[in-house]
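If you're matching positions, the sequence shown starts at 1 in the UniProt record's numbering and goes up one per residue. Ideal Cβ placement from N, Cα and C applies to all residues, glycine included.
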Amino acid sequence: MAGSARGGSWLSDAVQLDRQRDFVPPLPNGVTVTAAATGAAHTLLLTSQGTVYAAGSNAQGQCGLAARPFSCPFHRVDGPFVAEHDPVIDVSCGRVFSVLVTVAGHGMYDTDPLMSVYTMGSAEHGVLGKGLLSWHHTGPEHAPYYIQAEPTRVPTLQHITQVSCGEDHAVALDHDGQVYVWGRNALARLGCGTQRDQGVPVHLVQLDRKSKQERAQAVMAGRTCTLVLDRQARLWLAGAWRTTSDGGPAQTFIIYKPLEELAEYDVQAMATGADTIQCLATPTLDEQPMEEGVRPLVLAWGDGAQHAELSLAHHAACPNVLAALQPLVPLAVAAGRHTNFWLVAPDPAYSELPRFPETIESSNACLVCERGGDADDATLLECGRCENPYHLSCLDPPLSAVPEGDWLCVPCRAADTGESPDTSPAPGGRKRRRR
């Protein structure tokens, strides 16, 4: 991971976490990290086993680790759901609070699973969803907000499948397409028709459509706005999402509204940063089947963007197709506070992009026998990620020919999956031969 702290020092380069050293208790072999969420100074990791590990500041109880003020390395978060063997299926972090979604037992395989929501951290603005809106007096100059240091269930939320946190508010989606919001409501970011903070989850009646085909399919909380994507591929916004004009602080969306600029697009995914919004979309084809080969586009906007996160030299008040990504096939979008990320298909256009870093330190000799590949029968097979080479005959078991598709070496594959090392081809990189 990058941008985190270990032993008080910041990391500017990506560092691979060690299963034994960086997790308490150690992360079992075969268990992988499937999702992550970050707050102002804490991080949650969700595993394929349904467990959650937390690291960083726990000063407000946001890590759910009781009396521990700071967590380093990652410590497992325990709560009522652990004793009941209820796996966690989703996590999200606000500034100084966190939200977990669990499913009862093996209910994820049932037709009507019972899902619960747990919150932890500071109760400022009612973000815990338990009705706690105020501080408590502890002295003439000290009036902190209530702190919930362990995960506690929100009783009014059931059958929740997705949750998303902004800095000081949260939005949740249930299995029936209903949307709930709570927390800070300055600038009408909750979209519930008022600007008063909401200490308990509020059902958004506006989005409660009679037809399930028109209800919500995904939700996302931004810094001062909330986004809802419905099952008709339309994007709805509430709150303030730009600095001026309609949608700015003086003209917030007090209820959810669609954007005219997206009327001719079917939105597939969305992401929000501190000052930007972006979405993955395809042009709407009225009464026509989607043509094969139609590439999704990335549209992004944010007139407060000052860090080139839109890949533009200027900000953009309205949705713009990002020209820098048009030669590529985008698959997913994501955002940090002042950064944007795009996952794209590894096609020829991607291969022609400038690379950072320009070179990766790798060996020129087989890592097993430490010899080069000068002989005709000594082809070196290069890992698609670390670019370290191996003779086909040095692999265990040896290979008689370069495998079809992409290939990862044993260390890279084991780091990804936690599986027992082997040398079979695995997706994830480009493969080259050296001689």
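Query: Simplified DSSP assignment, three categories, for residue 188; Result: helix
Query: Length of the line joining the Cα atoms of residue 331 and residue 344; Result: 5 Å
Query: Buried or exposed by the 16-neighbour rule on C-beta atoms within 10 Å, applied to residue 347; Result: exposed
Query: Any beta strand (DSSP E) of 3 or more consecutive residues that is wholly inside the stretch 153-184; Result: 160-165, 169-174 and 179-183
Query: Identity of the residue in 307, 294 and 262 nearest residue 507 by Cα; Result: With the chain covering 1 to 435 only, the question about residue 507 has no answer from this structure.
Query: For residue 253: DSSP bridge partner residues; Result: 239
Query: Where residue 250 falls, given that 16 or more other Cβ within 10 Å makes a residue buried; Result: exposed
Query: Reference residue 168; option with closest CA among 158, 144, 129 and 178; Result: 129
Query: Nearest residue (CA-CA) to residue 66, options 296, 119 and 247; Result: 119
Query: Residue from 400, 371 and 398 whose Cα sits closest to the Cα of residue 388; Result: 371
Query: Reduced DSSP category for residue 497 - H, G, I as helix; E, B as strand; rest coil; Result: Outside the shown range of the chain, which is 1 to 435, sits residue 497, and nothing can be said about it.
Query: Stretch pair the stretch 69-79 + the stretch 42-54: three plus CB contacts closer than 8 Å; Result: yes
Query: Where the alpha helix (DSSP H) containing residue 356 begins and where it ends; Result: Element bounds for residue 356: n/a, residue is neither H nor E.
Query: The alpha helix (DSSP H) enclosing residue 80, as first and last residue numbers; Result: 80-83
Query: DSSP-derived helix/strand/coil call for residue 213; Result: helix
Query: Residue 107 versus residue 401: straight-line alpha-carbon distance, rounded; Result: Only weak support exists for where residue 107 lies, its pLDDT of 45 falling under 50; the coordinates are left without a value.
Query: Cα-Cα separation between residue 317 and residue 242, rounded to whole angstroms; Result: 7 Å
Query: Per-residue DSSP class, three states only, for residue 338; Result: coil
Query: Own chain, CB closer than 6 Å to residue 19, minus 5 neighbours either side, in chain order; Result: 26 and 27
Query: Cα-Cα separation, residue 432 to residue 31; Result: At residue 432 the pLDDT is 43, less than 50, meaning the model places this residue with poor confidence; the figure from the coordinates comes in the next sentence. Using only the alpha carbons, I get a separation of about 30 Å.
Query: Nearest-angstrom beta carbon gap, residue 162 and residue 218 [assumed within contact, 8 Å]; Result: 7 Å
Query: Per-residue DSSP class, three states only, for residue 193; Result: coil
Query: Three-state secondary structure assigned by DSSP to residue 441; Result: The requested residue 441 does not occur in the structure, where the chain is confined to residues 1 to 435.
Query: Assigned exposure category for residue 295 - 16 Cβ within 10 Å defines buried; Result: exposed
Query: The stretch 217-231 / the stretch 186-205 touching (three or more Cβ pairs under 8 Å); Result: yes
Query: Cβ-based burial, residue 91 [other Cβ within 10 Å; buried from 16]; Result: buried
Query: Boundaries of the beta strand (DSSP E) in which residue 381 is found, first to last residue; Result: 380-382
Query: N-terminal and C-terminal residue of the beta strand (DSSP E) that residue 317 is part of; Result: 316-321
Query: Residue of 83, 278, 194 and 267 minimising C-alpha distance to residue 285; Result: 267
Query: Straight-line gap, residue 88 to residue 150 (C-alpha atoms, nearest Å); Result: 15 Å
Query: Neighbourhood of residue 16 by C-beta, 7 Å cutoff - its chain only, sequence neighbours within 5 removed; Result: 415
Query: Residues near residue 124 in its chain [Cβ-Cβ closer than 6 Å; skip 5 each side]; Result: 145
Query: Within 8 Å, strictly: CB atoms of residue 202 and residue 182; Result: yes
Query: Contact check, residue 338 vs residue 369, beta carbons under 8 Å; Result: no
Query: Test item: CB-CB of residue 300 and residue 340 under 8 Å; Result: yes
Query: First through last residue of the beta strand (DSSP E) which encompasses residue 199; Result: 198-203
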